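Take a look at the structure set out below.
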Amino acid sequence: MDETQSRMIELLPRLRRFAFALTGDMDKADDLVQDTCERALAHLDQWKPGTKLDSWMYRIAQNLWLDQHRARKVRRDQAPLEEAEHVTGSDGRTVTESRMTLAAVNEGISRLPPEQQVLVAMVCVEGLSYKEAASILEVPIGTVMSRLARARQALYAAITEGSASVAVAALTPER
Amino acid sequence: MSFVSDERLMAFADGELSPEETRALEIMLAEDLDLAARLEPFRLTGAPLASVFGAALSAPVPERLLTAIKAHRRARLYAGKKNPALRSGLLDELFGGLRFASGLKPSHAFALSAVLVGSAIAWSATQLTSTNTDPALASFGAGVIVASGPLSDALEKMQSSTVAAAPGITPVATFAKEDGGYCREYRMTTVGGATYAGVACRELGGPQWRIAAHVEVPPTKPQAKSTYTTASGPQTAAVNAVVAAMMAGSVLEPADEVKLIAKGWMPKN
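Chains as they are written, first to last, in my numbering: chain A, 1 to 175; chain B, 176 to 444.
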């Protein structure tokens, strides 16, 4: 095993979290990560040593996921709906954050356009800078910021519109 | 009071502003409740959102992912497109039994290679059919392994099926290669019940199916699958890696496959 492979193994936890945010399901996330690693290893000649390996792998992962998304119209599964906690404290933040269940967040993210889902996973979940995201996606930083701001406002609205509507959405069978 | 854009508020929440800009905005936020309310969507979709997916960071990494990375050296050798020296090394590793036993009958070669290598191709068709005809399933020369006999026939003429014939050879999927030509993934089951997975590729207009990968699949209960899925398990990671490396686009539809078979694997007109 060479050094690049060792570094890929070190990156696996972060890639898994990124894929988890995209797919909303840990098994699907691992499928995506496996595809990403295999694709990366098969095309190692396209990676420029000295550039960031993690950026390159995020790019491969998001490309694969967007391809799957377009080809199959994959939709993230709804996670089992957790009991909504009705926190009646005066702190608004506590009330809102109690709605941040995997089910609610998955539902909210799945309503976003795929390109915005990728941005949310990269910046909000993985903590990449706007500049890094712009470089990976090969779009201007201003585009990243305006898309991301819209995505997060929509996501916030979806999460805070209440656990009741999330429950309805989660129980509504897909077409 | 000056207008603060959504993007700037978001950059504040994400810590992307300079210390000066951050301080200035903090003062504005303390005085302006509407502005603070506009900040909330960006705050909530920051660290609190990330924590929802945090379990993935600490969960143990599944073995299959580690294998996918660690198995790469072998897989690259199998594909061996760019480095003939490595490929030659691979042939020793994978098919060493055959080279060692090149003066022997194919069935002996199979037995030897199976012992020596553990994952060599079933060289004799008797392993599949129990007939007296004994055509080799592959021939070897100039560092290239080429399908022959029943294996070649199956790759050339059989439609892919998700239900593998046992014993026998079953193509399970066909895909276009990135540099033209086609590859087919196949399964092979011997009378003894040993199962192999492999990939064979044919250049555009080329006369032969070259074997790009061939590994033994450990015995498991076969699962009914209605659609094509790649083989699983560490032993077949190499096959999957070869497929990933060579595949251009997706698996061919049955109708396209029928056309290609009819045209002798010459695409279009």
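Yeah, the Cβ is synthetic: ideal placement off N, Cα and C, and Gly gets one too.
Computed from a predicted structure; not experimentally measured.
Once the 5 residues before and after residue i are set aside, which same chain residues still bring their CB inside 7 angstroms of it?
i	result
R218 of chain B	A188
A19 of chain A	A29, L32, V33 and A61
A121 of chain A	F18, A21 and L22
A313 of chain B	I296, W298, I320, V321, A322, S323, L326 and I386
R59 of chain A	I136
I141 of chain A	Y130, K131 and A134
W440 of chain B	Y357 and R377
Just checking residue i against the ligand NAP - is the residue's beta carbon closer than 7 angstroms to any of the ligand's heavy atoms?
i	result
C124 of chain A	Among the components of this structure there are no ligands whatsoever, and the ligand NAP is therefore not found.
Kindly say whether residue i, judged by its beta-carbon, lies nearer than 8 angstroms to any beta-carbon of chain A.
i	result
L208 of chain B	no
F350 of chain B	no
V227 of chain B	yes
G356 of chain B	no
A231 of chain B	yes
D431 of chain B	no
I386 of chain B	no
G221 of chain B	yes
M185 of chain B	yes
F178 of chain B	no
Y403 of chain B	For Y403 of chain B, the predicted model reports a pLDDT of 47, less than 50, meaning its position is unreliable; a value from the coordinates is still stated below. So, not an interface residue.
L224 of chain B	yes
S236 of chain B	Rather than Ser, the amino acid found at residue 236 of chain B in this sequence is Val. Yes, its Cβ sits closer than 8 angstroms to a Cβ of chain A.
Nearest chain B C-beta to residue i closer than 8 angstroms, yes or no?
i	result
G50 of chain A	no
Y156 of chain A	yes
E38 of chain A	yes
Y130 of chain A	yes
P140 of chain A	no
D25 of chain A	no
R17 of chain A	yes
D30 of chain A	yes
P13 of chain A	yes
For residue i, I'd like the list of residues in its chain whose CB is within less than 8 angstroms of its CB, leaving aside the five on either flank, ordered along the chain.
i	result
G381 of chain B	G356
Q5 of chain A	L41
K434 of chain B	none
M8 of chain A	C37, A40, L41, L53 and M57
Y361 of chain B	L326, A329, L330, I344, T345, P346, V347, A372, G373, V374 and A375
W384 of chain B	V321, A322, L326, S327, L330, E331, R359, A375, C376 and R377
Alpha carbon to alpha carbon, what distance is there between residue j and residue i?
i	j	result
E206 of chain B	E215 of chain B	15 angstroms
A71 of chain A	F350 of chain B	16 angstroms
I159 of chain A	S98 of chain A	10 angstroms
S110 of chain A	S146 of chain A	19 angstroms
P397 of chain B	T242 of chain B	Only weak support exists for where P397 of chain B lies, its pLDDT of 45 falling under 50; the value from the coordinates is given anyway. Each residue's Cα considered, the two are about 22 angstroms apart.
E85 of chain A	A104 of chain A	Confidence at E85 of chain A is low in this model, with a pLDDT of 39, below 50, so its placement is unreliable and the value that follows should be read with caution. Their Cα atoms are separated by approximately 12 angstroms.
T197 of chain B	G108 of chain A	29 angstroms
Y371 of chain B	D54 of chain A	35 angstroms
L204 of chain B	V118 of chain A	29 angstroms
F178 of chain B	L210 of chain B	10 angstroms
R213 of chain B	D35 of chain A	39 angstroms
I436 of chain B	S335 of chain B	11 angstroms
Q153 of chain A	K352 of chain B	43 angstroms
L379 of chain B	T345 of chain B	22 angstroms
N106 of chain A	G24 of chain A	6 angstroms
G190 of chain B	V139 of chain A	21 angstroms
S233 of chain B	K438 of chain B	53 angstroms
E195 of chain B	S180 of chain B	17 angstroms
E428 of chain B	E3 of chain A	39 angstroms
D431 of chain B	D354 of chain B	18 angstroms
E238 of chain B	L44 of chain A	22 angstroms
L148 of chain A	L184 of chain B	12 angstroms
Go through its chain and collect everything with a Cβ distance to residue i's Cβ below 6 angstroms, but skip five positions before and after it.
i	result
V144 of chain A	Y130, A133 and A134
R274 of chain B	Legend: pLDDT at R274 of chain B = 28, less than 50; position of this residue unreliable, no value from coordinates given.
L192 of chain B	A186
R150 of chain A	none
G229 of chain B	none
L200 of chain B	F187
For residue i and residue j, which I take to be in contact (beta-carbon distance under 8 angstroms), what is that distance rounded to the nearest angstrom?
i	j	result
A375 of chain B	C358 of chain B	7 angstroms
L128 of chain A	M57 of chain A	Going by Cβ atoms, the distance from L128 of chain A to M57 of chain A rounds to 12 angstroms, so no, they are not a contact pair.
E115 of chain A	R14 of chain A	Incorrect: roughly 21 angstroms between the Cβ atoms, too far for contact.
R39 of chain A	L64 of chain A	7 angstroms
A231 of chain B	R16 of chain A	5 angstroms
V426 of chain B	M100 of chain A	Rounded, the Cβ-Cβ distance is 39 angstroms, inconsistent with contact.
I244 of chain B	C37 of chain A	5 angstroms
L102 of chain A	L155 of chain A	Between L155 of chain A and L102 of chain A the Cβ distance is about 14 angstroms, and since that is not below 8 angstroms, they are no contact.
Mind checking who residue i pairs with in its DSSP beta bridge?
i	result
G324 of chain B	In DSSP, G324 of chain B forms no bridge with anything.
P429 of chain B	Looking at the DSSP assignment, P429 of chain B forms no beta bridge with any residue, so it has no partner.
E391 of chain B	B:Y371
R152 of chain A	Looking at the DSSP assignment, R152 of chain A forms no beta bridge with any residue, so it has no partner.
R147 of chain A	R147 of chain A is not bridged to any residue.
R131 of chain A	A small correction: the amino acid at residue 131 of chain A is Lys; Arg does not occupy that position in the sequence shown. Per DSSP, none; premise fails for K131 of chain A.
F350 of chain B	B:C358 and B:V426
R385 of chain B	B:V321 and B:C376
I344 of chain B	B:M363
At the 8 angstroms Cβ level, is residue i part of the contact set with chain E, yes or no?
i	result
E182 of chain B	Looking for chain E here will not work: the only protein chains present are A and B.
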